[in-house]
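Chains A, B and C, in that order, give the protein sequences. If you count the first sequence from 1, position 349 lands on 561 in the numbering used here, and the numbers rise without skipping. If you count the second sequence from 1, position 352 lands on 676 in the numbering used here, and the numbers rise without skipping. If you count the third sequence from 1, position 151 lands on 903 in the numbering used here, and the numbers rise without skipping. Yeah, the Cβ is synthetic: ideal placement off N, Cα and C, and Gly gets one too. Notes for the one structure printed next.
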Amino acid sequence: MFYREAGQFKTSYAADQAIFPILQDRIFVAFLLLVAFVVVPVVANEYWLSTILLPFLVFSLAAVGLNLLTGYCGQLSLGTGGFMACGAFAAYKLSTGFPELNIVVVMLASGVITALVGVLFGLPSLRIKGFYLAVATLAAQFFLLWLFNKFAWFTNYSPSGVISAPPRAVFGDFFVTGPQATPAGKYLFALTLVALLALAAKNMVRCRVGRSWMAIRDMDIAAEIIGIRPLTAKLSAFAVSSFYIGVAGAMWAFVYTGSVEALAFQIDRSFQILFMIIIGGLGSILGSFLGAAFITLLPIFLSNAPNIFGLSISVDTVSHFEFMIFGALIVFFLIVEPHGLARLWQIAKEKLRLWPFPY
Amino acid sequence: MIRKLVAAALGTALGVSALAAGTAQAADPQFIPSLVYRTGPYAPNGIPLANGFADYFAMLNARDGGIGGVPLLVEECDTAYNNDRGVECYERLKNKGPTGAAVFNPYSTGITYALIERATADKIPIVSMGYGRADASDGRVFPYVFTLPATYWAQADAMVTYIAGEEGGFDELAGKTIALVYHDSAYGKEPIATLEALAERHDFTFETFPVAHPGLEQRSTWLTIGRRLRPDWVLMWGWGVMNSTAIKEAAAVGYPMDRFIGVWWSGAEQDVQPAGADAVGYKSGTFHGAGADFPVHRDIFTYVYDRGQGATERELVGEVLYNRAMINAVLVSEAIRTAQAVYGERPLTGEEVRWGLENLNLTQEKIDDLGLAGLLSPIGLSCADHEGGGQLRIQQWDGEKWSFVSDWIEPNRDGFLRTMYEGSAAQYAAEKGIAPRDCAN
Amino acid sequence: MSAFFIDPFVDIFSYPAFFLEVLIGGLLAGVMYSLVALGFVLIFKASGVFNFAQGAMVLFAALTLVGLIDLGAPVWLAIVATIAVMVTLAMSIEKVVLRPLVNQPAIILFMATIGISYFLDGFGQTIWGSEIKTLEVGIPKSPLMVGEVLISRFDLFAGLTAGVLVAVLAIFFQKTRVGRALRAVADDHQAAMSVGIPLRTIWVIVWSVAGIVALVAGIMWGSKLGVQFSIVLVALKALPVLILGGFTSIPGAIVGGLIIGSGEKVAEVFWGPALGGAIEDWFGYMLAMLFLLFRPQGLFGEKIIERV
């Protein structure tokens, strides 16, 4: 009824190619951004900001990164945790080594460093494919964690191997790390960074680079024949993806937890992010966000559920059930909609277009 | 594109209703959160810890109606030994009850690290009893973190003291070789600096053997130790499945068990029982006794288990880890009692409980009164000293139970460990831009 | 540099007996990885599914077995009952998960098995608890001295078990009717169906066999470590074995295990000190990755032929 594009004529290619070609979508997104930037920091309490929204934002960014590689370029990677660790430790070394660097620069620079590492570990992808590649990326996962754990230089010779974020401000008194930072400030910082990077990702997959990734994903030999270089396409996907994941790792260490050790980025983390993009939808930026929301919120909801409904169940039973429900839901979602939540969202939009008169 | 906040908005509604449900409690209890891990890879160790913690508070509620007439409300939250779950539990529980959480006991070095900054900002004390940051013993830099009754550094020092005693004096250590097998993580690396310093001081050779998490495979480590290096003593900083595997592998290469000493987290029934007969003679450090023959256990049986409200089975009361968490509960409740003497018998805030911890003075007399005689050494904390000067012992597994094989050992704190704590804490303060508070007045 | 390029070799040549010990220990440890890798291979071979739940199945089988023994069942009965449970599990997985997901891309099926793995972890622990349990089925543990060289009797037994298991599987695959059907399905689903091989039954059989292999691995690892949640993590040690040997080769799983096991032990003992130790964790993966650069289909994997 109100979601109709009738009467909205596109008079230029630019308008036709817009990310949100429909006016209602633009209004909706503008409204969402308004809510995210203005309403949420005012309304949400500390629990919501610092334990749900912040990890959600960090995970979304990492999921966008992995989705670029796995969803768009078709290279299955299980090294996400290692690359996040790389970003976290790069950010730590940069910000303690050059205290005058602005935190935004630190974040982006650690992304660039991770991108270089990502390219290095992406090299085998030129020869190895499919699950063989997935298991080979585990080499990156284990090697990087070992490296950060082993060489004290990465942790500035802290006796325990734990890094903690030094207090840093974006400008003036606006601290986003360290004890002076407020949850709302951290949230806004993370939100801005994630929103900008997600916009960049969305545009990247719509331009030449993104198209070459998708060609490689759909059939690499055919892509090669039509003149796409697998070398540049695959390695650029590894680089860009690692950049995003590295920034996410830096945000995890600096903005979310404040202090981490290498073990925080274990293999479970890699799987967690892989879940997000598969549940959310492979090859969809929106899907990365939906998947991240689903995977971060579900366990928290499940472990809070007995409280909400006033049931008293022992915590171990809750945790075991959480495992079971989580596993069952993954299978359920895959059966119901293998293309993920993003596809469900598409279907909902199609329905909404015709609603309430579907005939 | 960015539609993520639909979920957030929905969730906010849920969160609010959850909070409303949470506040509808009975007359003003003291809220004590309990972070546990009854699930996950470390559950075998987490379960007795969680039970001991729960049972002591249940006993206080049943016997005395709480502390000073204030009933205790304990709520568990399962972290699965996972840092981000731990943070979520912390944020969820910190504002519960009329005055918020009294104190957090994370039972994980990783979670402790993640909470230090948050808890300091929220003014809630963290009691990391026998884990966490050793340098947090410097209360000037870490006002809200407590390491009572002893740190890993103190443990390492006490082990070397014990070894010196067995060898016939510190002079005999010269030329000996001591190996450390450690979990390759923040936790396992804690004792290295101390042991290196001691190696230099007493002129023994110190070798380290990291074991990758989770420690399922240690063949190469133990072949090197048992068949090649053959050190005079082996120390171990292990956790979970790593412990029993190490004991088995040590036995498989024929390393003598009575020269193999684990840290207190490598010295519970769960660590030796899977190794069966191989483990007989294995030793570990500890800061408390094992067994259920102490007066405090009688009260727990009478007031909790006889009423069918125990957290576990009767036979499992008195296990090493059960007793450890029970002692943790004792320390917390005595701190609350201490603080109540000043702030009145009402639910206390985290800040008030911190005062109680800093002024906690468990004398031998008080320990006897609490029914803990022989279980624990006296502890006294202050503004600057958050460790409290606890003493340590070495225990040995005889195939059935743990029993002490040393007397209480006083770690060499003055002039050695304190200096190291303060140095490390000062570095942390500099990095974090913290001005240490003045403890003089 | 000499710590890396010279000293290890000097060490090896000055202590040949010790080197032999490490090598044998590594080979036998590798066999323990192979036991887990075998389960992966079976399922991948017959259905093209990379079954991540194999680790969870090992834990589940071990938990069930030890749970039944604790309830007072004699060992043989408990083993039979556990096999029955694993077969039931295979049937439910086929019905609930695989059948609805037929013809989906491999990554979706892979994800589904991760879902299964979570479910099994929770389910097993809900029923049997998370406490550590001792599994004692009478495997000898005392070390054996052959001249100067120490060999673990337990590992020898594990090696023997793996050998028998592979022999049985080989006979099963090569000589029986069902085995031939399995190989047909592995080669081509549609062609197999068109000659009247019931695909669903075959899948149930494969998952059941993988379940039984999981039980064997569970018994070995369970008696080695005690039955506890950490057992699921041995799956991570099996993955490099799997890629090195090739996803589709049963002998590959054994040879891969031997190479990875001995390689990582020798590397850890002789090169570890130069690098700071604990290199075992990634060494297997690096070794396997280097191998793949030369043979992208693994040691014994089927050659990948791509056409446009």
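**Study point:** Any C-beta of chain A under 9 Å from that of B/Asp402
**Key:** Residue numbering aside, residue 402 of chain B sits at position 78 when the second sequence is read from its first letter. Cβ-Cβ to chain A under 9 Å: yes for B/Asp402.
Check your understanding: So B/Gly609 is in the beta strand (DSSP E); what residue range does that whole segment cover?
Key -> Translated into the one-based positions of the second sequence, residue 609 of chain B becomes position 285. Per DSSP, B/Gly609 belongs to the beta strand (DSSP E) from 607 to 610.
Check your understanding: With contact counted as at least three CB pairs below 8 Å, one residue from each stretch, are the segment 411 to 421 of chain B and the segment 435 to 451 of chain B in contact?
Key -> Under the Cβ criterion (8 Å, minimum of three pairs), the segment 411 to 421 of chain B counts as touching the segment 435 to 451 of chain B.
Check your understanding: Contact between the segment 419 to 439 of chain B and the segment 450 to 460 of chain A: three or more CB pairs below 8 Å?
Key -> The count of Cβ pairs closer than 8 Å, one atom from the segment 419 to 439 of chain B and one from the segment 450 to 460 of chain A, stays below three, leaving the stretches out of contact.
Review point. Three-state secondary structure (DSSP) at B/His507?
Key: Position 183 of the second sequence, counted from the start, is the residue given in the question as residue 507 of chain B. It is a strand residue.
Exercise for review: Note down, in chain order, every chain B residue with its Cβ under 7 Å from the Cβ of A/Ile512.
Suggested key: Counted from its first residue, the first sequence places residue 512 of chain A at position 300. Chain B residues near A/Ile512: Glu412.
Exercise for review: Classify A/Lys341 as helix, strand or coil using the three-state DSSP reduction.
Suggested key: Along the first sequence, read from residue 1 onward, the residue named residue 341 of chain A stands at position 129. Looking at A/Lys341 - three-state DSSP - the assignment turns out to be coil, as it is neither helix nor strand.
Exercise for review: Would you kindly check if the distance between the Cβ of C/Ile835 and the Cβ of C/Leu967 is under 9 Å?
Suggested key: If you number the third sequence from 1, residue 967 of chain C lands on position 215. If you number the third sequence from 1, residue 835 of chain C lands on position 83. For C/Leu967 and C/Ile835, yes; Cβs fall inside 9 Å.
Check your understanding: How big is the Cα-Cα spacing for C/Ile866 and C/Ile859?
Key -> Taking the third sequence and counting its residues from 1, one reaches residue 866 of chain C at position 114. Taking the third sequence and counting its residues from 1, one reaches residue 859 of chain C at position 107. Rounded to the nearest whole angstrom, the CA to CA distance from C/Ile866 to C/Ile859 is 11 Å.
Practice item. Please list the residues of the segment 486 to 514 of chain B that have a C-beta atom closer than 8 Å to any C-beta atom in chain C, keeping them in chain order. Key: So the close ones are Asp508.
Check your understanding: From A/Val417, A/Phe295, A/Ser471, A/Ala413, pick the residue whose C-alpha is nearest to that of A/Thr367; which is it?
Key -> Position 155 of the first sequence, counted from the start, is the residue given in the question as residue 367 of chain A. For A/Thr367, the nearest C-alpha among the options comes from A/Ser471.
**Study point:** Residues that B/Cys401 bridges to, as DSSP identifies them
**Key:** Here residue 401 of chain B is taken as the residue at index 77 of the second sequence, counted from 1. Bridge partners of B/Cys401: B/Leu359.
Exercise for review: On a CA-only basis, which of B/Ala599, B/Trp557, B/Gln594, B/Thr545 is nearest B/Thr569? Give me that one, please.
Suggested key: Here the question's residue 569 of chain B lines up with position 245 in the second sequence. That would be B/Ala599, whose Cα lies nearest to the Cα of B/Thr569.
Review point. What are the partner residues of B/Asn685, as DSSP defines its beta bridges?
Key: Mapped onto the second sequence, residue 685 of chain B falls at position 361. Partner(s): B/Gly704.
Review point. Using a C-beta cutoff of 9 Å, does A/Thr223 count as contacting chain B?
Key: As a working note, residue 223 of chain A is residue 11 in the first sequence. Chain B, which has no Cβ nearer than 9 Å to the Cβ of A/Thr223, makes this no.
Check your understanding: When the Cα atoms are used, what is the spatial distance from C/Thr886 to C/Lys893?
Key -> In the third sequence, counting from the first residue as 1, residue 886 of chain C sits at position 134. In the third sequence, counting from the first residue as 1, residue 893 of chain C sits at position 141. Rounded to whole angstroms, C/Thr886 to C/Lys893 spans 14 Å at the Cα level.
Check your understanding: How is B/Gln720 classed by DSSP in three states: helix, strand or coil?
Key -> Mapped onto the second sequence, residue 720 of chain B falls at position 396. Note: B/Gln720 maps to strand in three-state DSSP.
Review point. Is B/Met560 helix, strand or coil when you go by DSSP?
Key: In the second sequence, the residue the question calls residue 560 of chain B occupies position 236. For B/Met560, the secondary structure class from DSSP, reduced to helix, strand or coil, is strand.
Exercise for review: Can you give me the Cβ contacts of C/Ile891 inside the same chain, cut-off strictly under 7 Å, excluding the 5 residues immediately before and after it?
Suggested key: The sequence position of residue 891 of chain C within the third sequence is 139, counting from 1. For C/Ile891, where only same-chain residues beyond five positions count, the Cβ hits under 7 Å are Phe906, Phe909, Ser975.
**Study point:** Burial state of A/Ala337 (16 or more Cβ within 10 Å)
**Key:** Here residue 337 of chain A refers to the residue found at position 125 when the first sequence is read from its first residue. Per the sequence shown, residue 337 of chain A should be read as Ser rather than Ala. A/Ser337 is classed as buried because its beta carbon has at least 16 other beta carbons within 10 Å across all chains shown.
Review point. Taking Cβ positions only, does B/Ile516 come closer than 9 Å to chain A?
Key: Here residue 516 of chain B is taken as the residue at index 192 of the second sequence, counted from 1. Under the 9 Å criterion on CB atoms, B/Ile516 is classed as interfacial with respect to chain A.
Review point. By how many angstroms is the C-alpha of A/Ala476 removed from the C-alpha of A/Thr223?
Key: As a first step, residue 223 of chain A must be located in the first sequence, where it is residue number 11. As a first step, residue 476 of chain A must be located in the first sequence, where it is residue number 264. A/Ala476 has its alpha-carbon roughly 51 Å from the corresponding atom of A/Thr223.
Point to revise | Residue span of the beta strand (DSSP E) that contains C/Ile903, given as start and end | key: Locating residue 903 of chain C in the third sequence gives position 151, where the first residue counts as 1. Here the beta strand (DSSP E) through C/Ile903 covers 901 to 904.
Exercise for review: Return no unless some Cβ of chain C is closer than 9 Å to the Cβ of A/Trp365.
Suggested key: On the first sequence, position 153 is the one that residue 365 of chain A refers to. So no, A/Trp365 is outside the interface.
Exercise for review: For the alpha helix (DSSP H) containing B/Gly370, list its first residue and its last residue.
Suggested key: In the second sequence, counting from the first residue as 1, residue 370 of chain B sits at position 46. From DSSP, the alpha helix (DSSP H) with B/Gly370 extends over 367 to 388.
**Study point:** Supposed close pair A/Arg565, A/Tyr215 - CB separation, criterion 8 Å
**Key:** The residue given as residue 565 of chain A occupies position 353 in the first sequence. The residue given as residue 215 of chain A occupies position 3 in the first sequence. Going by Cβ atoms, the distance from A/Arg565 to A/Tyr215 rounds to 6 Å, so yes, they are a contact pair.
Check your understanding: For the segment 345 to 356 of chain A, which residues have a CB atom closer than 7 Å to at least one CB atom of chain C, in sequence order?
Key -> Near chain C, meaning a CB-to-CB distance below 7 Å, the residues of the segment 345 to 356 of chain A are Val347, Ala348, Leu350, Ala351, Phe354, Phe355.
Check your understanding: Is the segment 474 to 487 of chain B in contact with the segment 514 to 533 of chain B, if contact means three or more CB pairs nearer than 8 Å?
Key -> yes
Review point. Quick one: does A/Ser531 have its CB under 9 Å from some CB of chain C?
Key: Indexing the first sequence from 1 puts residue 531 of chain A at position 319. Output row for A/Ser531: interface = yes.
Point to revise | Pair within 9 Å by beta-carbon distance, B/Leu384 and B/Pro353 | key: Here residue 384 of chain B refers to the residue found at position 60 when the second sequence is read from its first residue. Here residue 353 of chain B refers to the residue found at position 29 when the second sequence is read from its first residue. Not in contact: B/Leu384 and B/Pro353 (Cβ atoms no closer than 9 Å).
Practice item. Helix, strand or coil for A/Ser471, going by three-state DSSP, please let me know. Key: Along the first sequence, read from residue 1 onward, the residue named residue 471 of chain A stands at position 259. DSSP places A/Ser471 in strand when its eight states are reduced to three.
Point to revise | Closest residue to C/Leu1075 among B/Val465, B/Arg543, B/Val644 (Cα-Cα distance) | key: The requested residue 1075 of chain C does not occur in the structure, where chain C is confined to residues 753 to 1060.
**Study point:** Three-state secondary structure (DSSP) of B/Ala764
**Key:** By one-based count along the second sequence, residue 764 of chain B stands at place 440. In the structure shown, B/Ala764 sits in coil (DSSP, three-state: anything other than H, G, I, E or B).
Review point. Which word fits B/Ala474, buried or exposed, when buried means at least 16 other C-beta atoms lie within 10 angstroms of its C-beta?
Key: Working through the second sequence from its first residue, we reach residue 474 of chain B at position 150. Of the other Cβ atoms in all chains shown, 16 or more fall within 10 Å of the Cβ of B/Ala474; this residue is therefore buried.
Point to revise | Neighbourhood of B/Gly335 by C-beta, 8 Å cutoff - its chain only, sequence neighbours within 5 removed | key: Position 11 of the second sequence, counted from the first residue, corresponds to residue 335 of chain B. Confidence in B/Gly335 is poor, its pLDDT being 40 and thus under 50, which makes the residue's placement too unreliable to answer from.
Point to revise | Of the listed residues A/Leu328, A/Trp260, A/Ser370, A/Val317, nearest to A/Val382 (C-alpha basis) | key: Here residue 382 of chain A corresponds to residue number 170 of the first sequence, with the count starting at 1. The residue with the shortest Cα to Cα distance from A/Val382 is A/Val317.
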